[in-house]
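The next block holds one structure in the form of structure tokens; read it before the comments.
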Amino acid sequence: MKKSLCADDLEIIEKYSNMVYRMAYSMVKCREDAEDIHQEVYIRYLKKRPVFENTEHEKAWFLRVTINLCKNFWSSAWMQRVIGLTEETMAGAQEDLHDELLDTVKKLPKRYRAVIHLFYYEEMSVEEIGKVLGEKPSTVRTQLTRARSKLKELLEEE
Amino acid sequence: MFDEKKFQDEYKTAYDKISVNQDRITEIKEQSMEQEHFKLWDVVKPAVGIISVCAMVIILSTPVWAGVGNAYEKIVEIAPGLADYILPVKLADTRMGITMQVEAMQVDGNTGELVVSFADEESSEENLISGKVDLYDSYNLRSYGADSNVGGCSFMEYDEETGKAYFKISVSSEDVFDKTKLKFTVRQLLVESTEQEMWLDTDMLVMNPPLKEVSINGRGGAEQIRELLAEHFYKTEESFPLFASKIMDVVELDESMKDTIQVTGIGYADGILRVQICRGTLTDADRHAEIFIVDEDGNYGIRDASVSWQEELGGEKICFDEQWFLVSEAELEDLQLFAILHETDGSIEGNWHVTVNLEDGANVWIVPTE
């Protein structure tokens, strides 16, 4: 491990911070957990110092690590058994739904959240999403179709 | 019909507003520069790996444990040192010139109380905490090691002598708190907070006031009440994907509304008593109102539902709420309305967090030490 950060590291931390945070938030739905995951992504980056072939590779690495950490977060025995107070006790949380669209998207099953975010926010193609998620483009296409249909259902329910 | 383009625009707009706290980025940079951190991790990592594997084996091979406990409790039992490494006790946190400090705690069976304070950092010459502080909806309580918790946080007092603003956090669980840690996080402090209590002039009440349709950006109330009021929330071409609703058309916007909170109308129609509040622009401030109906016996009741929306004036958005009470026309006769208007002009984002071991506070009030 290098003793200090080089200019490139600082630039990378700044460059992908919001992207990583938004990706994490779209999956774990909680600001604090998203911040923890955001921090963990950078700790991993600084420990591994991966060498990137190009900007696309760099971006895909950060997205993939973020998504994997979110999946780890969901599947950890700790998180499954601990019923956090986050959603139950945030004062006023039920009072003011500041963005109902986000609340609706948050109701999507976990498996669809990443594709929705990568497609609609990061504006990635099905092929690019496939590379990030390690899935075939046809699988991504199917997930997107199902996610859209679920989304339509949820929006109509509201 | 699912309008994909519209959805994408709305989704992007919503996410563009979400950004990571700059402090966290600074924190990462600082942490990364501390070589010791990584050295420590390099030493601890193998031990963590081995202990985690052992812990998993024991948990998975012990049905009673796996069935009734939780992972955190197990780790505490097997490796208390590891549990503390994963979730260290932290009794004070200083950020943005403000220190959040655990002052005392008590746990009795399945209920617990914590007192935390906010004060200016010792070396600070600024006077950031100088009166009532409001956390509004920016706090978060999370417990590790106990199931089915509920909790809340309320302001206690500001002590001029010590310059500390105190809050009480109450938490309760279905089971006795044992080997449980509680993490309390505050994202944003609202300072320079004032509140004004008043009886509303019921002469303002207008029967069957004119209504107008707006896209609402929020609605509140219990699920059952919302179902009861379902016809009042619907979608239109303009409101998609949000809801539209009808609110009292009783306000003429003017500049003075941007930086104040005021009751702008009281009306009654179709079984709903509406109290409309203008909250001004909320870019750097928070203003909100608590409205109560008070019956002839002096009983206070809170609103059954609420809607919020925004009106545009000179490129700025002015926030409005309407609080709805489901009462019959006959009941109106004996009702009074009481309001508490909260106004906060300054906000400080800090993401302060403290973590306590509830077990340390068993049965007695204690003043914790690091």
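Read top to bottom, the protein sequences are chains A and B.
Heads up: the first sequence begins at 55 in the working numbering, then just goes up one per residue.
Heads up: the second sequence begins at 12 in the working numbering, then just goes up one per residue.
Even glycine gets a Cβ: it sits at the ideal position worked out from N, Cα and C.
For clarity, every value in this text was computed on a predicted model and none was experimentally measured.
Problem - Sub-8 Å separation of residue 198 (chain B) and residue 316 (chain B) beta-carbons - result: Counting from 1 along the second sequence, the entry for residue 198 (chain B) is found at position 187. Counting from 1 along the second sequence, the entry for residue 316 (chain B) is found at position 305. No, the Cβ-Cβ distance between residue 198 (chain B) and residue 316 (chain B) is not below 8 Å.
Practice task
Please say whether residue 205 (chain B) and residue 364 (chain B) have beta carbons closer to each other than 8 Å?
Solution key: Within the second sequence, numbered from 1, the residue matching residue 364 (chain B) stands at position 353. Within the second sequence, numbered from 1, the residue matching residue 205 (chain B) stands at position 194. No, the Cβ-Cβ distance between residue 364 (chain B) and residue 205 (chain B) is not below 8 Å.
Exercise for the section: Answer yes or no: does any C-beta atom of chain B fall closer than 8 Å to that of residue 67 (chain A)? Expected result: Here residue 67 (chain A) is taken as the residue at index 13 of the first sequence, counted from 1. Yes, residue 67 (chain A) lies at the interface with chain B (some Cβ there is under 8 Å from its Cβ).
Problem - Partner residues on chain A for residue 35 (chain B), Cβ-Cβ distance less than 9 Å - result: Looking up residue 35 (chain B) in the second sequence gives position 24. Chain A residues near residue 35 (chain B): 71, 75, 89, 92, 93.
Practice task
Would you list, in chain order, the members of the region 174-191 of chain A that have their beta-carbon closer than 9 Å to a beta-carbon of chain B?
Solution key: 174, 175, 177
Problem - Through-space distance from residue 111 (chain B) to residue 100 (chain B), alpha-carbon basis - result: The count along the second sequence starts at 1 and reaches residue 100 (chain B) at position 89. The count along the second sequence starts at 1 and reaches residue 111 (chain B) at position 100. Going from the Cα of residue 100 (chain B) to the Cα of residue 111 (chain B) covers about 14 Å.
Practice task
Helix, strand or coil for residue 81 (chain A), going by three-state DSSP, please let me know.
Solution key: Counting from 1 along the first sequence, the entry for residue 81 (chain A) is found at position 27. Helix at residue 81 (chain A).
Handout entry: Contact set between the region 309-330 of chain B and chain A, restricted to residues whose Cβ is under 8 Å from the partner
Key = 317, 319
Handout entry: Helix, strand or coil at residue 27 (chain B) [DSSP, three-state]
Key = Along the second sequence, one-based indexing puts residue 27 (chain B) at 16. Three-state DSSP puts residue 27 (chain B) in a helix.
Exercise for the section: Could you have a look at residue 215 (chain B) and say whether DSSP puts it in helix, strand or coil? Expected result: The residue you call residue 215 (chain B) lines up with position 204 of the second sequence. Reduced to three states, the DSSP call for residue 215 (chain B) is helix.
Practice task
Report buried or exposed for residue 105 (chain A), applying the criterion of at least 16 other Cβ atoms within 10 angstroms of its Cβ.
Solution key: Here residue 105 (chain A) corresponds to residue number 51 of the first sequence, with the count starting at 1. That one is exposed.
Exercise for the section: Please go through the same chain and pick out, in chain order, the residues whose beta-carbon is closer than 8 Å to the beta-carbon of residue 103 (chain B), but skip the five residues on each side of it. Expected result: Residue mapping note: residue 103 (chain B) aligns to position 92 of the second sequence, counting from 1. Cβ neighbours of residue 103 (chain B) beyond the five flanking positions: 110, 111, 112, 113, 365, 381.
Problem - Endpoints, the alpha helix (DSSP H) within which residue 157 (chain A) is located - result: The residue you call residue 157 (chain A) lines up with position 103 of the first sequence. Note, residue 157 (chain A): alpha helix (DSSP H), 154-160.
Handout entry: Limits of the unbroken alpha helix (DSSP H) element including residue 175 (chain A)
Key = One-based indexing of the first sequence puts residue 175 (chain A) at position 121. Note, residue 175 (chain A): premise wrong, no alpha helix (DSSP H); not H, not E.
Problem - Buried or exposed (CB count within 10 angstroms, at least 16 for buried), residue 62 (chain A) - result: Start at 1 with the first residue of the first sequence, and residue 62 (chain A) comes out as number 8. Residue 62 (chain A) is exposed by the Cβ-count criterion.
Handout entry: As assigned by DSSP and simplified to three states, the class of residue 126 (chain A)
Key = In the first sequence, counting from the first residue as 1, residue 126 (chain A) sits at position 72. If DSSP states are grouped into helix, strand and coil, residue 126 (chain A) belongs with the helices.
Handout entry: Minimum length 4: unbroken alpha helix (DSSP H) runs contained in the region 315-352 of chain B
Key = 340-343
Handout entry: Whole-angstrom distance between residue 88 (chain A) and residue 335 (chain B), CA atom to CA atom
Key = The count along the second sequence starts at 1 and reaches residue 335 (chain B) at position 324. The count along the first sequence starts at 1 and reaches residue 88 (chain A) at position 34. Roughly 35 Å separates the two Cα atoms.
Practice task
Please list the partners that residue 269 (chain B) has in chain A, where partner means a Cβ-to-Cβ separation under 9 Å.
Solution key: Taking the first residue of the second sequence as 1, we reach residue 269 (chain B) at position 258. By Cβ distance, chain A contributes nothing, its closest Cβ being about 20 Å from residue 269 (chain B), past 9 Å.
Problem - Residue-level contact to chain A via CB, residue 16 (chain B), 8 Å cutoff - result: Start at 1 with the first residue of the second sequence, and residue 16 (chain B) comes out as number 5. Judged by the 8 Å Cβ criterion, residue 16 (chain B) is not in contact with chain A.
Exercise for the section: For residue 151 (chain B), count neighbouring Cβ atoms within 10 angstroms of its own Cβ and tell me buried if that reaches 16, exposed if not. Expected result: Residue mapping note: residue 151 (chain B) aligns to position 140 of the second sequence, counting from 1. Answer is buried; the Cβ neighbour count reaches 16.
Exercise for the section: Since I believe residue 314 (chain B) is in contact with residue 302 (chain B) (beta carbons under 8 Å), could you give me their beta-carbon distance rounded to a whole number of angstroms? Expected result: For this step, residue 302 (chain B) is matched to residue 291 along the second sequence. For this step, residue 314 (chain B) is matched to residue 303 along the second sequence. Residue 302 (chain B) to residue 314 (chain B), Cβ: 6 Å. Contact.
Problem - Distance between residue 250 (chain B) and residue 169 (chain A) (C-alpha atoms, nearest Å) - result: Counting from 1 along the first sequence, the entry for residue 169 (chain A) is found at position 115. Counting from 1 along the second sequence, the entry for residue 250 (chain B) is found at position 239. If you take the alpha carbons of residue 169 (chain A) and residue 250 (chain B), they lie about 26 Å apart.
Handout entry: Against chain D: residues of the region 191-219 of chain B by CB proximity under 9 Å
Key = Protein chains A and B are contained in the structure displayed, whereas chain D is not.
Handout entry: Pick from B:312, B:304, B:367, B:355 that is closest to residue 347 (chain B), judged by C-alpha positions
Key = Counting from 1 along the second sequence, the entry for residue 347 (chain B) is found at position 336. Comparing Cα positions, the closest option is B:304.
Practice task
Measure the CB-CB distance between residue 36 (chain B) and residue 86 (chain A) and report whether it falls below 8 Å.
Solution key: Stepping through the second sequence from its first residue, residue 36 (chain B) is reached at position 25. Stepping through the first sequence from its first residue, residue 86 (chain A) is reached at position 32. Their beta carbons are not under 8 Å apart, which means residue 36 (chain B) does not touch residue 86 (chain A) by this criterion.
Practice task
State the Cα-Cα distance for the pair residue 141 (chain B) and residue 203 (chain B), rounded to the nearest angstrom.
Solution key: Walking along the second sequence from the start, residue 141 (chain B) turns up at place 130. Walking along the second sequence from the start, residue 203 (chain B) turns up at place 192. Straight-line Cα distance between these residues: approximately 7 Å.
Practice task
Look at residue 120 (chain A) and residue 159 (chain A) and say whether their C-beta atoms are less than 8 Å apart.
Solution key: By 1-based counting over the first sequence, the position of residue 120 (chain A) is 66. By 1-based counting over the first sequence, the position of residue 159 (chain A) is 105. Not closer than 8 Å, so no.
Exercise for the section: Have a look at residue 215 (chain B) and residue 325 (chain B) and give me their C-alpha separation to the nearest angstrom. Expected result: Here residue 215 (chain B) refers to the residue found at position 204 of the second sequence. Here residue 325 (chain B) refers to the residue found at position 314 of the second sequence. Taking the straight line from one Cα to the other gives about 28 Å.
Practice task
Taking 8 Å as the cut-off, decide whether the C-beta atoms of residue 285 (chain B) and residue 277 (chain B) are in contact.
Solution key: Along the second sequence, one-based indexing puts residue 285 (chain B) at 274. Along the second sequence, one-based indexing puts residue 277 (chain B) at 266. Going by C-beta atoms, residue 285 (chain B) is nearer than 8 Å to residue 277 (chain B).
Problem - residue 154 (chain A) versus A:72, A:66, A:210, A:76, residue with shortest Cα-Cα distance - result: For the purposes of this step, residue 154 (chain A) is taken as residue 100 along the first sequence, with counting starting at 1. If we check each option's Cα against that of residue 154 (chain A), A:210 comes out closest.
Handout entry: Spatial distance of residue 275 (chain B) from residue 307 (chain B) (CA atoms)
Key = Walking along the second sequence from the start, residue 275 (chain B) turns up at place 264. Walking along the second sequence from the start, residue 307 (chain B) turns up at place 296. Using only the alpha carbons, I get a separation of about 25 Å.
Practice task
Compare the Cα-Cα distances from residue 297 (chain B) to each of B:138, B:23, B:30, B:146 and report the closest residue.
Solution key: Walking along the second sequence from the start, residue 297 (chain B) turns up at place 286. Residue 297 (chain B) has its Cα closest to that of B:146, out of B:138, B:23, B:30, B:146.
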